[in-house]
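Written out below as structure tokens is the structure these notes cover.
Protein chains: 2
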Amino acid sequence: MTREELYSNIMRKRSFLCVGLDTDTKKIPAHLLKLDDPVFEFNKAIIDATAPFAIAYKPNLAFYEGAGLKGIQSLYKTLDYIRKNYPDQFIIADAKRGDIGNTAALYARSFFEEMDVDAVTVAPYMGQDSVTPFLGFDGKWVILLALTSNKGAQDFQYIQDPEGRPLFKNVLEHSLEWGGNADNMMYVVGATRAEMLSEIRTVVPDSFLLVPGIGAQGGSLADVCKYGMNSKCGLIVNSSRAIIYADSTENFAKAAAEQAKAVQQEMSSYLK
Amino acid sequence: MTREELYSNIMRKRSFLCVGLDTDTKKIPAHLLKLDDPVFEFNKAIIDATAPFAIAYKPNLAFYEGAGLKGIQSLYKTLDYIRKNYPDQFIIADAKRGDIGNTAALYARSFFEEMDVDAVTVAPYMGQDSVTPFLGFDGKWVILLALTSNKGAQDFQYIQDPEGRPLFKNVLEHSLEWGGNADNMMYVVGATRAEMLSEIRTVVPDSFLLVPGIGAQGGSLADVCKYGMNSKCGLIVNSSRAIIYADSTENFAKAAAEQAKAVQQEMSSYLK
Chain A
1 MTREELYSNI MRKRSFLCVG LDTDTKKIPA HLLKLDDPVF EFNKAIIDAT APFAIAYKPN
61 LAFYEGAGLK GIQSLYKTLD YIRKNYPDQF IIADAKRGDI GNTAALYARS FFEEMDVDAV
121 TVAPYMGQDS VTPFLGFDGK WVILLALTSN KGAQDFQYIQ DPEGRPLFKN VLEHSLEWGG
181 NADNMMYVVG ATRAEMLSEI RTVVPDSFLL VPGIGAQGGS LADVCKYGMN SKCGLIVNSS
241 RAIIYADSTE NFAKAAAEQA KAVQQEMSSY LK
Chain B
1 MTREELYSNI MRKRSFLCVG LDTDTKKIPA HLLKLDDPVF EFNKAIIDAT APFAIAYKPN
61 LAFYEGAGLK GIQSLYKTLD YIRKNYPDQF IIADAKRGDI GNTAALYARS FFEEMDVDAV
121 TVAPYMGQDS VTPFLGFDGK WVILLALTSN KGAQDFQYIQ DPEGRPLFKN VLEHSLEWGG
181 NADNMMYVVG ATRAEMLSEI RTVVPDSFLL VPGIGAQGGS LADVCKYGMN SKCGLIVNSS
241 RAIIYADSTE NFAKAAAEQA KAVQQEMSSY LK
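Protein chains in written order, with our numbering: chain A, 1 to 272; chain B, 1 to 272.
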């Protein structure tokens, strides 16, 4: 999916909501557990319920790999289901991969050809050759970790170099020297420090930012938009737990739709 | 496996060789491709041939995930094969994972319970809560990326903080504050800058280091031992391509054994 297509989906649906499919058999409604593939059935219901209010889905691979082979099967079925029924949804494999060049190239083929997702999250620690192999696929995206929403983001991402630049800013700046641009690279920037978004916009004014940390992690959507939105939206805001686990009864899909709709309506008010 | 058990295996076999199972269907001998699971058959033959000379195996998950569901099946079969036939081998899942706390906990369960490997490689960018969930498993290990062997290691890992400490040293120092110690944490340190091993030993004198970059990537085993060995060896040196792809004919396993044996004999000369 191109940047223009993504922007046009956002404006048409008046939403920049990404629903995180962090599907955990310990948390899904009990009545689903007797089905053959509870994880897929849960995802299918959540997707059908939330698709009108969302423009992206983001399965976090840990939740699928954690269930072994069966989990990977549920993931593939979920990806197929989205592609066939909601081809305008942007699919993000939240994998946070990062490895040396020849291995990164394998991961890239795995995600962009085998799984056929639109984007994959990549960790920057190993530098250029761990990222560039993901950049050579038409209409596919790298989403590079810059400033994450977790407590541990403090440990290294803010460490300043002798010129006073924090590591996350070094990551942004280097990525632009690697052939990353607003048409093939986005950045993960947590909502828990929304004011940092202004600083990030000085380095990557046009790029889309994937913003986790709304909802369960406590970030404010209003602040994210105030500090991070650009003239073409430039934001994909993710919510996982607050939507998909809004209710744990047979009513779960309806409750998820209501939550997603509430977020979408707030988003609509921030879009021009 | 405990540190004592690992050290005792090293002394008994006079080897600290880890064979990297970076198994790529594009590179394995053609005659295997007509079998039902060429990747598993290749691994099985390589393992049988090299086990006398090695103390560890390290499948890089990218190579298995890259082949989709079938690849994951080959991985599980390989892990089972090693555990059943060579229970004294230390198994490292080279996954370079790194995610927020609740997700890291899922990955930890996936690797240590579902796959039942001894160790998993973890990326440090997201800090403490992305690493500590891997530390609570008896006899299991985190192998934290510190200084990698690829070209991109230059980009961020050497960036100095205002006190002149490079990022990789910050990673080592912080990890010791997180409950990491020589009995549950190792570090990836590339062989391509063997002289940096002395500096690393000032921070983690007792810890095992997993050293890639010997062989295809050009690092010197003599230098690695000179700068990095401690009184209990403290090194696991990985070689992948130079061993497993030593020969591309039906003779591949014998050739791999010869390469592994040559490395083992050199290793033996460095062990006290």
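Note that CB positions come from ideal geometry on N, CA and C, so glycine has one too.
Could you compute how far the alpha carbon of residue i sits from the alpha carbon of residue j?
i                           : j                           : result
tyrosine 86 (chain B)       : serine 220 (chain A)        : 53 Å
tyrosine 57 (chain B)       : aspartate 22 (chain B)      : 10 Å
alanine 45 (chain A)        : proline 29 (chain B)        : 45 Å
glycine 68 (chain B)        : leucine 210 (chain B)       : 28 Å
alanine 93 (chain A)        : proline 59 (chain A)        : 6 Å
tyrosine 270 (chain A)      : alanine 246 (chain B)       : 60 Å
glycine 215 (chain A)       : aspartate 129 (chain B)     : 19 Å
isoleucine 236 (chain B)    : alanine 95 (chain A)        : 27 Å
serine 277 (chain A)        : asparagine 230 (chain B)    : Not covered by the structure: residue 277 (chain A). The range shown for chain A is 1 to 272.
isoleucine 72 (chain A)     : isoleucine 72 (chain B)     : 9 Å
phenylalanine 112 (chain A) : phenylalanine 137 (chain A) : 8 Å
lysine 272 (chain B)        : lysine 261 (chain B)        : 18 Å
glutamate 5 (chain A)       : tryptophan 141 (chain A)    : 13 Å
glutamine 222 (chain A)     : alanine 222 (chain B)       : A small fix is needed here, since residue 222 (chain A) is alanine in this sequence, not glutamine. Rounded to the nearest angstrom, the two C-alpha atoms are 58 Å apart.
arginine 97 (chain A)       : tyrosine 76 (chain A)       : 18 Å
threonine 192 (chain A)     : aspartate 99 (chain B)      : 16 Å
isoleucine 10 (chain B)     : valine 263 (chain B)        : 13 Å
alanine 242 (chain A)       : glutamine 265 (chain A)     : 16 Å
alanine 257 (chain B)       : serine 175 (chain B)        : 37 Å
glutamate 173 (chain A)     : threonine 121 (chain A)     : 18 Å
aspartate 183 (chain A)     : lysine 84 (chain B)         : 49 Å
tyrosine 41 (chain A)       : alanine 51 (chain A)        : In the sequence on display, residue 41 (chain A) carries glutamate and not tyrosine. Going from the Cα of glutamate 41 (chain A) to the Cα of alanine 51 (chain A) covers about 15 Å.
valine 39 (chain B)         : glutamine 259 (chain A)     : 45 Å
alanine 255 (chain A)       : leucine 61 (chain A)        : 24 Å
lysine 27 (chain B)         : threonine 78 (chain A)      : 32 Å
phenylalanine 252 (chain A) : leucine 106 (chain B)       : 23 Å
glycine 218 (chain A)       : lysine 226 (chain A)        : 16 Å
lysine 70 (chain B)         : alanine 108 (chain B)       : 23 Å
Give me whichever residues DSSP pairs with residue i in a beta bridge.
i                        : result
aspartate 94 (chain B)   : B:Asn60
glycine 219 (chain A)    : A:Ile214
glutamine 259 (chain B)  : Note: glutamine 259 (chain B) sits in no beta bridge, so no partner.
isoleucine 236 (chain B) : B:Leu210
glutamine 160 (chain B)  : B:Pro166
glycine 139 (chain A)    : DSSP lists no partner for glycine 139 (chain A).
threonine 121 (chain B)  : B:Ile143
methionine 186 (chain B) : B:Ile143
leucine 21 (chain A)     : A:Pro59
asparagine 230 (chain B) : B:Cys233
Within 10 Å of its beta-carbon, does residue i have 16 or more other beta-carbons around it, so buried, or fewer, so exposed?
i                       : result
leucine 33 (chain B)    : exposed
alanine 49 (chain A)    : buried
histidine 31 (chain B)  : exposed
arginine 12 (chain A)   : exposed
proline 212 (chain B)   : buried
alanine 123 (chain B)   : buried
asparagine 43 (chain B) : buried
leucine 35 (chain A)    : exposed
On the premise that residue j lies in contact with residue i, defined as a C-beta separation below 8 Å, what is that separation, rounded to the nearest angstrom?
i                        : j                          : result
glycine 152 (chain B)    : methionine 115 (chain A)   : Contact flag wrong, Cβ pair sits at about 24 Å.
serine 15 (chain A)      : phenylalanine 53 (chain A) : 6 Å
leucine 147 (chain A)    : valine 117 (chain A)       : No, leucine 147 (chain A) and valine 117 (chain A) are not in contact; Cβ-Cβ is about 23 Å, not under 8 Å.
glycine 139 (chain B)    : threonine 2 (chain B)      : 6 Å
aspartate 37 (chain B)   : serine 8 (chain B)         : Rounded, the Cβ-Cβ distance is 34 Å, inconsistent with contact.
glycine 180 (chain B)    : arginine 201 (chain B)     : The Cβ separation is near 16 Å, so there is no contact.
asparagine 150 (chain B) : glycine 101 (chain A)      : 6 Å
proline 162 (chain A)    : proline 162 (chain B)      : 7 Å
Under 9 Å between the Cβ atoms of residue i and residue j?
i                           : j                        : result
isoleucine 159 (chain B)    : leucine 167 (chain A)    : yes
serine 292 (chain B)        : cysteine 18 (chain B)    : With chain B covering 1 to 272 only, the question about residue 292 (chain B) has no answer from this structure.
lysine 169 (chain B)        : valine 203 (chain B)     : yes
phenylalanine 156 (chain B) : alanine 119 (chain B)    : no
serine 207 (chain A)        : glycine 234 (chain A)    : yes
leucine 135 (chain B)       : methionine 185 (chain B) : yes
glycine 20 (chain B)        : serine 110 (chain A)     : no
tryptophan 178 (chain A)    : threonine 132 (chain A)  : yes
isoleucine 55 (chain A)     : aspartate 88 (chain A)   : yes
methionine 194 (chain A)    : valine 224 (chain A)     : Rather than methionine, the amino acid found at residue 194 (chain A) in this sequence is alanine. Taking 9 Å as the Cβ cut-off, alanine 194 (chain A) and valine 224 (chain A) qualify as a contacting pair.
Can you determine whether any heavy atom of the ligand GDP sits closer than 8 Å to the C-beta of residue i, and answer yes or no?
i                    : result
alanine 45 (chain A) : The model on display carries no ligand, and the ligand GDP is accordingly not part of it.
With 9 Å as the threshold, decide whether the Cβ of residue i is near any Cβ in chain C.
i                     : result
glycine 219 (chain B) : Absent here is chain C; the protein component of the structure consists of chains A and B.
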